[in-house]
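Numbering-wise, our numbering puts 931 at position 212 of the first sequence, and it's gapless, one number per residue. Glycine is no exception: its CB is placed at the ideal position from the N, C-alpha and C atoms. Down below is the structure, laid out as structure tokens.
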Amino acid sequence: MTCLGLVDCNNFYVSCERLFDPGLRHRPVVVLSNNDGCAVARSDEAKRLGIRMGDPWHLHRAEWQRKGVVIRSSNYALYGDLSQRVISILRRLAPSVEVYSIDEAFIDLAGLEGREEGIAREMRATILQWTGIPVSFGLAPTKTLAKVANRAAKKDAGSQGVKSLMSREKQSDALAKLEVEEVWGVATRLGRRLRALGITTAVDLREAQPDLLRREGGVVVERIGRELDGERCLMLDEGSKPARSIMASRSFGRPVTAQRELEEAVASFVSRAAEKLRRQNLAAGTVLVFVHTNPFKTTERQYSASDVVRLPVASADTSKLIHAAFCAVRRIYKQGYRYTKAGVMLDAIEPADGVQGDLWASADDWKGKTLMRTVDRLNRVWGRGTMVMAACGVNKRWAMRSEHLSPRYTTRWEELLRV
DNA sequence: TCTGGGGTCCTAGGACCC
DNA sequence: TCTGGGGTCCTAGGACCC
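Here it is in structure tokens:
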């Protein structure tokens, strides 16, 4: 059985702040979001005080002060830099690494089975020594189980930051203790539906029939169930895919009412998003603008709207994108409302050289050369690991169109042709 | 006065084509 | 003008993640 590791930096933003201010150690620390809006990271001490993710600062300010909580505004440049350092060490130590988020990565430990715990402990010590960032390792045969393992590594002090769920018995133990909503990919909505079926713990989800899960929650939930059962459905994805959408948005510090002000904000969002676009050598085909009033002010009149403008030709040119965005603003702006947030989303993204984003092989050609050529082109254009529309598995009724017929996806044409 | 800012994937369903 | 199977492509919106 092959082994995956999930490496997760502990309370990442807080750990970063502590590196540069050791006086923060052993104290309750909270890092706030942009505009100092709400808590986005808490130290263990802060968590013990009952401070939750997303707690708004302005509502808890006095209370936190009383409890001696140290507050920090976020510094994403710093976190990004430290994240890169951790990742580069991982890349040196592991054969393949998938960066999942700013503070998490999956690593492949295939071929190291039996020694994975020792190896993880060594990696952990190295990362701590070289960067000062404490990390936790979860080891398991699938990504979803590795998530469970990682959580156990953090919760269980005796594990010292490394937890292996490579054996079925250990998996059963850990899953029995886990509420279904705590499984990666299940949140309140899906949790509610699963509970209605009598599935209340992660182990229930593992034991459930895949076709039941398919019927109730689609391919996503089926996949989660199989993954918990030790079947690998989510593969390690090393190739960093080009972005499919790029967004820039902000809450305003104070309510905005004039169209003029909205336009100014939108123009700055577009220019930021366009920069990101160009840095990745991409162009956008559509520009979406959204605005809304303060949803927390239930007594005020609410309004929210969005509008998409299609460009005749995909572009990364800031002025063209701004022009499109202003058309959208003109359509959605209404006088008399107090806007507190707006944003811009660039979509229909394609490589700047003008090659179309989606590549198709029609069903007639499934066994033929066209498919091979399509996948080939796909790999050339997008890099590897990006084809998601192709499914392998039972395939009698291709009329299902975009329904994914298999819980597994692949970009390897050998595998596609085998279907 | 003040409640983040990004993203991804999947599904349903409509318009349209041969 | 209608029938109908088979298929493409796109969009909106839901759900989730960090």
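Nearest to residue i (by Cα), restricted to the options the options
{"i": "Val985", "options": "Val1048, Leu884, Gln890, Asn730", "result": "Val1048"}
{"i": "Asn1000", "options": "Ala895, Asp1072, Glu782, Val750", "result": "Asp1072"}
{"i": "Leu947", "options": "Ser886, Arg911, Thr1005", "result": "Ser886"}
{"i": "Gln1054", "options": "Thr1012, Asp1036, Lys1016, Ala1035", "result": "Thr1012"}
{"i": "Arg767", "options": "Gly756, Val788, Arg925", "result": "Val788"}
{"i": "Ser968", "options": "Leu981, Thr976, Gly958", "result": "Leu981"}
{"i": "Ala1035", "options": "Ala1061, Val1006, Thr1017", "result": "Val1006"}
{"i": "Leu897", "options": "Asp923, Leu916, Arg912, Gln879", "result": "Asp923"}
{"i": "Pro961", "options": "Trp776, Lys995, Arg912", "result": "Lys995"}
{"i": "Trp903", "options": "Ala915, Thr920, Asp892", "result": "Thr920"}
{"i": "Ser734", "options": "Ala765, Gly958, Asn753", "result": "Ala765"}
{"i": "Asp1066", "options": "Ser1038, Ile1051, Asp1026", "result": "Asp1026"}
{"i": "Ser792", "options": "Asp800, Pro814, Leu751", "result": "Leu751"}
{"i": "Gly880", "options": "Gly837, Val899, Gln890, Gly917", "result": "Gly837"}
{"i": "Val1152", "options": "Arg1057, Arg780, Arg870", "result": "The structure shown has nothing for residue 1152, since the chain only spans 720 to 1138."}
{"i": "Ala865", "options": "Ser959, Arg991, Ile943, Ala1033", "result": "Ile943"}
{"i": "Arg870", "options": "Leu931, Arg843, Glu901", "result": "Glu901"}
{"i": "Met966", "options": "Met1064, Asp800, Cys952, Gly799", "result": "Met1064"}
{"i": "Ala1003", "options": "Thr1017, Val759, Ala1024, Pro1031", "result": "Pro1031"}
{"i": "Glu935", "options": "Ser959, Gly958, Arg908", "result": "Arg908"}
{"i": "Ser974", "options": "Asp800, Gly833, Ser891, Lys1016", "result": "The amino acid occupying residue 974 in the given sequence is Pro; Ser does not appear at that position. Taking only the C-alpha atoms, the option nearest Pro974 is Lys1016."}
{"i": "Ala824", "options": "Gln784, Arg925, Gly833, Gly857", "result": "Gly857"}
{"i": "Gln890", "options": "Thr863, Arg914, Arg912, Leu916", "result": "Thr863"}
{"i": "Ser725", "options": "Asn753, Glu835, Arg780, Gln784", "result": "Residue identity check: residue 725 is Leu in the sequence provided, not Ser. Ranking the options by Cα distance to Leu725, first place goes to Glu835."}
{"i": "Glu941", "options": "Ala872, His779, Val905", "result": "Val905"}
{"i": "Tyr795", "options": "Cys952, Ala813, Val759", "result": "Val759"}
{"i": "Gly1062", "options": "Ala844, Ser1023, Gly799, Lys1039", "result": "Ser1023"}
Close-in-space but distant-in-sequence residues of the same chain around residue i (CB under 6 Å, 5 per side omitted)
{"i": "Arg810", "result": "Val816"}
{"i": "Ile1041", "result": "Ala986, Val989"}
{"i": "Thr850", "result": "Arg804, Val805"}
{"i": "Arg761", "result": "Val749, Ile770"}
{"i": "Phe737", "result": "Here the sequence assigns Arg to residue 737, which means Phe is not the residue at that position. Contacts found: Leu743, Arg744."}
{"i": "Gly773", "result": "Cys757"}
{"i": "Val1113", "result": "Its pLDDT being 29, under 50, Val1113 is placed unreliably by the model, and the measurement read from it follows with that caveat. Nothing meets the Cβ criterion."}
{"i": "Thr721", "result": "Ala829"}
{"i": "Glu841", "result": "none"}
{"i": "Phe860", "result": "Here residue 860 is Pro; the residue named in the question, Phe, does not match the sequence. Counting only Cβ-Cβ distances below 6 Å, and skipping sequence neighbours, we find Met720, Gly949."}
{"i": "Val1028", "result": "Val1006, Ala1043, Cys1046, Ala1047"}
{"i": "Lys873", "result": "Ser855"}
Residue range of the beta strand (DSSP E) that includes residue i
{"i": "Pro929", "result": "Per DSSP, Pro929 belongs to no beta strand (DSSP E); it is in the alpha helix (DSSP H), 929-947."}
{"i": "Phe1015", "result": "Run containing Phe1015: none; DSSP gives neither H nor E here."}
{"i": "Lys766", "result": "Not the beta strand (DSSP E): Lys766 falls in the alpha helix (DSSP H), residues 763-767."}
{"i": "Ser752", "result": "Ser752 -> no beta strand (DSSP E), and no H or E assigned at all."}
{"i": "Lys882", "result": "881-883"}
Own chain partners of residue i with C-beta closer than 7 Å, once the 5 adjacent residues on each side are dropped
{"i": "Asp822", "result": "Asp727, Cys728, Phe731, Ser802"}
{"i": "Ile846", "result": "Val805, Ile808, Ile852, Val854"}
{"i": "Gln1075", "result": "Note on Gln1075: pLDDT 37, under 50, position unreliable in the model; no value is reported."}
{"i": "Leu831", "result": "Cys722, Ile838"}
{"i": "Met954", "result": "none"}
{"i": "Gln1021", "result": "Thr1012, Pro1014"}
{"i": "Ala895", "result": "Thr920, Val922"}
{"i": "Ser820", "result": "none"}
Close beta carbons around residue i, own chain, < 8 Å, minus the five adjacent residues each side
{"i": "Phe739", "result": "Leu797"}
Residues bridged to residue i (per DSSP)
{"i": "Pro775", "result": "Cys757"}
{"i": "Val726", "result": "Ala824, Phe856"}
{"i": "Pro1070", "result": "Leu1001"}
{"i": "Glu898", "result": "Thr920"}
{"i": "Met966", "result": "Met1064"}
{"i": "Lys873", "result": "Lys873 is not bridged to any residue."}
{"i": "Leu995", "result": "Note on identity: in this sequence residue 995 is Lys, with Leu being the wrong assignment. The partner list for Lys995 (beta bridge, DSSP) is empty, contrary to what the question assumes."}
{"i": "Val989", "result": "Val989 pairs with nothing; no bridge assigned."}
{"i": "Val1008", "result": "Asp1026, Val1063"}
{"i": "Val975", "result": "Tyr1058"}
Run of the alpha helix (DSSP H) containing residue i, from where it starts to where it stops
{"i": "Val922", "result": "921-926"}
{"i": "Lys889", "result": "887-895"}
{"i": "Leu909", "result": "907-915"}
{"i": "Leu738", "result": "731-739"}
Residue i CB to nearest heavy atom of the ligand SAH below 7 Å
{"i": "Glu994", "result": "Absence of the ligand SAH from the depicted structure is noted, as is the absence of any ligand whatsoever, leaving it without description."}
- Going along the chain, which unbroken runs of the beta strand (DSSP E) with 3 or more residues stay wholly within the segment 1022-1064? 1023-1034
- With a floor of 4 residues, list each alpha helix (DSSP H) that falls wholly inside the segment 772-846, ordered by position along the chain. 776-785, 795-812
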